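**Student:** Starting off with a structure, shown below.
2 protein chains.
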Amino acid sequence: MSLPLFLVPELPAGDRWRLDGPEGHHAANVQRLGAGEALLLSDGRGGLLRATVAAAHKGALDLDLLDRERVAPHDPRITVVQGIAKGERAELAVQLMTELGVDRIVPWQAARSIARWKDAKPVERWRATVREAVKQSRRAWLPEVTDARTTKQLALTGTVLLLHEEASAPLSTVPLAGDITLVVGPEGGIAPEELAAFPDAVPVRLGREILRTSTAGAAALAVLSVRLGRW
Amino acid sequence: MSLPLFLVPELPAGDRWRLDGPEGHHAANVQRLGAGEALLLSDGRGGLLRATVAAAHKGALDLDLLDRERVAPHDPRITVVQGIAKGERAELAVQLMTELGVDRIVPWQAARSIARWKDAKPVERWRATVREAVKQSRRAWLPEVTDARTTKQLALTGTVLLLHEEASAPLSTVPLAGDITLVVGPEGGIAPEELAAFPDAVPVRLGREILRTSTAGAAALAVLSVRLGRW
């Protein structure tokens with residue numbers, strides 16, 4: 046079984062350290078880690094630190110700090126521009142993509158997005174979902190979730206791919222170069238005027254069937270992970 | 046936008062037909078399809094029939110039957126032996142795998158399955174989830190969901206792959222021949238005595254991170270879909 050992972054703002058120096066705050070609460074009171082058990086700390090920026098519990102308290106653990114490791118960032122990086130979908134579906138998309146190695150998520154207020162974001166709460170939920178998924182999958186890098194963007198506010202760079210059910214080019218064979226931006230529509234798909242707004246994007250498809258917005262980005266990341274040699 | 050799809054036991058012959066029962070209710074009262082609108086009927090065994098609504102009634106639609114199409118079955122086929130996980134996670138696994146083209150799902154009562162199935166209700170829920178996902182993704186083939194099996198009851202054939210976080214062979218390069226059976230553990234993974242029970246299985250991995258049981262099968266299907274030329 047893999048060690049549980051906890052996210053901290055900075056990895057502590059030295060040999061002994063106390064994990065408290067929300068992560069300490071989670072480790073001590075929810076996961077009930079006790080003396081002698083091992084865990085990982087990550088700063089979400091590639092730093093990993095293996096530790097064992099020296100003593101458990103209510104809401105905190107005293108840790109013996111052991112090995113340190115630096116995980117290199119992905120190169121190339123994958124950004125997913127995710128059409129905003131209804132709460133549960135959107136959060137599922139974000140969770141799956143994080144598990145599957147997305148590097149950056151841009152919430153996109155698309156023409157066919159039924160949900161309209163009016164305050165910062167939804168983006169905070171996406172960020173919380175990303176943190177949970179990073180811990181779940183023991184990733185050393187925390188994907189960035191940017192603020193929501195309208196179509197006009199998107200500045201797409203690198204190889205821009207757009208998942209579209211009427212595209213003829215399969216994602217499995219389209220040329221890739223440098224960092225990748227993948228555009229995934231909301232529940233109702235990408236509107237024609239949006240297609241026109243991304244003149245440099247390459248429309249690509251995954252099979253002939255229709256994938257939900259919560260499945261499409263995840264499936265594309267699996268295919269790209271193989272193509273980029275990550276898997 | 047793609048046409049909505051409804052599952053019927055047999056595709057009707059002739060030019061005119063009434064869709065009633067639960068699917069008729071769904072089409073007429075929930076999706077509120079009206080005169081002139083188009084839809085697909087499928088028998089879940091490769092048969093597709095495009096129709097338009099001649100008249101809408103409460104709980105039923107009179108249909109004009111138009112084009113017929115036969116979709117060939119997948120060759121090779123992919124069976125996923127899915128470790129039984131807790132309700133929501135298991136149903137998410139089944140939904141994602143159906144969208145991504147699984148051909149057959151075997152619920153596996155694994156050593157580390159926390160949920161123990163005591164009656165037919167859970168397998169009926171998996172079958173209902175598969176039907177919904179087939180409709181959602183407009184598939185012409187309804188994946189079979191077998192009754193639950195214990196490790197002893199599993200009879201694995203063809204290329205047997207076993208997703209395991211400590212495997213060294215990547216799924217992206219392992220040799221494939223004939224039909225494929227993919228074994229996915231439950232939440233806690235596959236137990237050592239289970240590994241020993243599948244002597245002909247090839248342990249494979251997807252990346253270095255930990256995938257949830259609900260994500261692992263789906264990601265593997267995406268990779269296999271490319272490798273088998275489906276995508």
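Order-wise, the sequence lines are chains A and B. Note that the first sequence covers residues 46 to 276 in the working numbering. Note that the second sequence covers residues 46 to 276 in the working numbering. Don't be surprised by glycine CBs; every beta carbon is placed ideally from N, CA and C. Given the structure is predicted, the values throughout are model-derived calculations rather than measurements.
Short of 7 Å Cβ to Cβ, which residues in the stretch 175-189 of chain B face chain A?
**Tutor:** 181, 182, 183, 184
**Student:** Scan the stretch 139-160 of chain A for residues whose Cβ lies nearer than 9 Å to a Cβ of chain B and list them as they occur along the chain.
**Tutor:** 140, 141, 144, 145, 146
**Student:** Within the continuous alpha helix (DSSP H) that includes residue 188/A, where are the two ends?
**Tutor:** Working through the first sequence from its first residue, we reach residue 188/A at position 143. Residue 188/A -> no alpha helix (DSSP H), and no H or E assigned at all.
**Student:** Exposed or buried, what is residue 198/B when buried is set at 16 or more other beta-carbons lying within 10 Å of its beta-carbon?
**Tutor:** Start at 1 with the first residue of the second sequence, and residue 198/B comes out as number 153. It is exposed - the Cβ of residue 198/B has fewer than 16 other Cβ atoms within 10 Å.
**Student:** Can you look up residue 108/A in the DSSP assignment and give me helix, strand or coil?
**Tutor:** Locating residue 108/A in the first sequence gives position 63, where the first residue counts as 1. Looking at residue 108/A - three-state DSSP - the assignment turns out to be strand.
**Student:** Runs of 4 residues minimum, wholly inside the stretch 224-249 of chain B: which ones carry the alpha helix (DSSP H) assignment?
**Tutor:** 237-242
**Student:** I'd like to know whether the C-beta of residue 267/A is nearer than 8 Å to at least one C-beta of chain B.
**Tutor:** As a position in the first sequence, residue 267/A is number 222, starting the count at 1. So, interface residue.
**Student:** In the stretch 100-150 of chain A, which residue ranges form an unbroken alpha helix (DSSP H) of at least 4 residues, counting only runs that do not cross its ends?
**Tutor:** 132-144
**Student:** If you draw a straight line from the alpha carbon of residue 240/A to that of residue 274/B, how long is it in whole angstroms?
**Tutor:** Taking the first sequence and counting its residues from 1, one reaches residue 240/A at position 195. Taking the second sequence and counting its residues from 1, one reaches residue 274/B at position 229. Near 27 Å, if we compare the C-alpha coordinates of residue 274/B and residue 240/A.
**Student:** Taking just the CA atoms, how far does residue 71/B sit from residue 77/B?
**Tutor:** Counted from its first residue, the second sequence places residue 77/B at position 32. Counted from its first residue, the second sequence places residue 71/B at position 26. Near 8 Å, if we compare the C-alpha coordinates of residue 71/B and residue 77/B.
**Student:** For residue 260/A, return the contacting residues in chain B, with the cut-off set at a CB-CB distance below 8 Å.
**Tutor:** Taking the first sequence and counting its residues from 1, the one referred to as residue 260/A is at position 215. Under the 8 Å cutoff, chain B gives 141, 144, 145, 263.
**Student:** Looking at C-alpha atoms only, which residue of 265/A, 192/A, 244/A, 246/A is the closest neighbour of residue 252/A?
**Tutor:** On the first sequence, position 207 is the one that residue 252/A refers to. Residue 265/A is the option with its Cα nearest to residue 252/A.
**Student:** Which residues does DSSP list as the beta-bridge partners of residue 92/B?
**Tutor:** Here residue 92/B refers to the residue found at position 47 when the second sequence is read from its first residue. Paired residue(s): 115/B.
**Student:** Rounded to whole angstroms, how far is the Cβ of residue 112/A from the Cβ of residue 61/A, which I believe are closer than 8 Å?
**Tutor:** What you label residue 112/A is simply residue 67 of the first sequence in a count that begins at 1. What you label residue 61/A is simply residue 16 of the first sequence in a count that begins at 1. Contact flag wrong, Cβ pair sits at about 15 Å.
**Student:** Report the option in 69/A, 98/A, 88/A, 121/A whose CA atom is closest to the CA atom of residue 104/A.
**Tutor:** Numbered from 1 along the first sequence, position 59 holds the residue referred to as residue 104/A. Checked all of 69/A, 98/A, 88/A, 121/A; the closest Cα to residue 104/A is 69/A.
**Student:** So, is the C-beta of residue 255/B closer than 8 Å to a C-beta in chain A?
**Tutor:** One-based indexing of the second sequence puts residue 255/B at position 210. Cβ-Cβ to chain A under 8 Å: yes for residue 255/B.
**Student:** So which of 158/B, 189/B, 49/B, 202/B has the shortest CA-CA distance to residue 170/B?
**Tutor:** The residue you call residue 170/B lines up with position 125 of the second sequence. Residue 170/B has its Cα closest to that of 189/B, out of 158/B, 189/B, 49/B, 202/B.
**Student:** Could you name the residues that DSSP lists as bridge partners for residue 87/A?
**Tutor:** Position 42 of the first sequence holds residue 87/A. BP columns for residue 87/A point to 52/A, 93/A.
**Student:** Name the chain A residues whose beta carbon is nearer than 7 Å to that of residue 215/B?
**Tutor:** In the second sequence, the residue the question calls residue 215/B occupies position 170. What residue 215/B touches in chain A: 276.
**Student:** Taking its Cβ as the centre, do 16 or more other Cβ atoms sit within 10 Å of residue 66/B, making it buried, or is it exposed?
**Tutor:** As a working note, residue 66/B is residue 21 in the second sequence. Exposed, by the Cβ-count rule.
**Student:** Excluding the five sequence neighbours on either side, which residues of its own chain have a C-beta within less than 6 Å of the C-beta of residue 206/A, listed in chain order?
**Tutor:** Within the first sequence, the letter at position 161 stands for residue 206/A. Correct list, in chain order: 227, 247, 249.
**Student:** Alpha carbon to alpha carbon, what distance is there between residue 242/B and residue 211/A?
**Tutor:** In the first sequence, residue 211/A corresponds to position 166, counting from 1. In the second sequence, residue 242/B corresponds to position 197, counting from 1. One alpha carbon belongs to residue 211/A, the other to residue 242/B, and they sit about 45 Å apart.
**Student:** Let me know if residue 257/A comes out buried or exposed under the rule of 16 or more other beta-carbons within 10 Å of its beta-carbon.
**Tutor:** Residue mapping note: residue 257/A aligns to position 212 of the first sequence, counting from 1. Buried is the call here.
**Student:** Could you give the distance in angstroms between the alpha-carbon of residue 220/A and the alpha-carbon of residue 59/A?
**Tutor:** Stepping through the first sequence from its first residue, residue 220/A is reached at position 175. Stepping through the first sequence from its first residue, residue 59/A is reached at position 14. Cα to Cα, residue 220/A sits roughly 47 Å from residue 59/A.
**Student:** Output, in sequence order along the chain, the residues in the stretch 89-103 of chain A whose CB is closer than 8 Å to any CB in chain B.
**Tutor:** none
**Student:** Can you tell me whether residue 214/A is helix, strand or coil according to DSSP?
**Tutor:** In the first sequence, counting from the first residue as 1, residue 214/A sits at position 169. Strand at residue 214/A.
**Student:** What does the Cβ neighbour count give for residue 180/B, buried or exposed, with the cut at 16 atoms within 10 Å?
**Tutor:** The residue you call residue 180/B lines up with position 135 of the second sequence. Burial call: buried.
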